[in-house]
Amino acid sequence: MKHEWPLWEIFIRGQHGMSHRHVGSLHAPDAEMAVKNARDVYTRRNEGVSIWVVEARHITATVPGEKGPMFEPSESKVYRHPTFFDIPDEVGHM
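So for the sequence shown, our numbering puts the first residue at 2; every next one is plus one.
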């Protein structure tokens, strides 16, 4: 029987930013090896300062085709939009 290593999703934080960005996937036997492989594959030019690896089976995602029920309720909450608030002149440019 064929045994395949788990799939890991790789997120890299660049030198000029605070957020991690999904850059790809790879197979590895464990998290430690996934980090090492991600470093070799996705940060060859010193563009990363932090690596996150997440085993793909632990990710839960919405289905793009069913976005209506998930995201439509936010449209009825106008108070969440920045245009709902008056900004005092003292604040300056925002």
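Cβ coordinates follow ideal geometry from the N, Cα and C atoms, glycine included.
Just so it is clear, the structure is predicted and the values come from calculations on it, not from any experiment.
Tell whether a beta-carbon distance below 8 angstroms holds between residue i and residue j.
i, j, result
"Gly15", "Glu48", "yes"
"Lys5", "Ala57", "In the sequence on display, residue 5 carries Glu and not Lys. No, these two residues do not count as a Cβ contact at 8 angstroms."
"His23", "Ser51", "no"
"Val55", "Val36", "no"
"Ile13", "Tyr43", "yes"
How big is the Cα-Cα spacing for residue i and residue j?
i, j, result
"Ser26", "Glu91", "48 angstroms"
"His28", "Thr63", "23 angstroms"
"Pro70", "Leu8", "30 angstroms"
"Lys45", "Glu33", "Sequence check: residue 45 is Arg here, not Lys. When rounded, the distance between both Cα atoms is 18 angstroms."
"Gly66", "Lys78", "22 angstroms"
According to DSSP, what are the bridge partners of residue i?
i, result
"Val92", "DSSP lists no partner for Val92."
"Trp53", "Phe12"
"Gly25", "Ile11"
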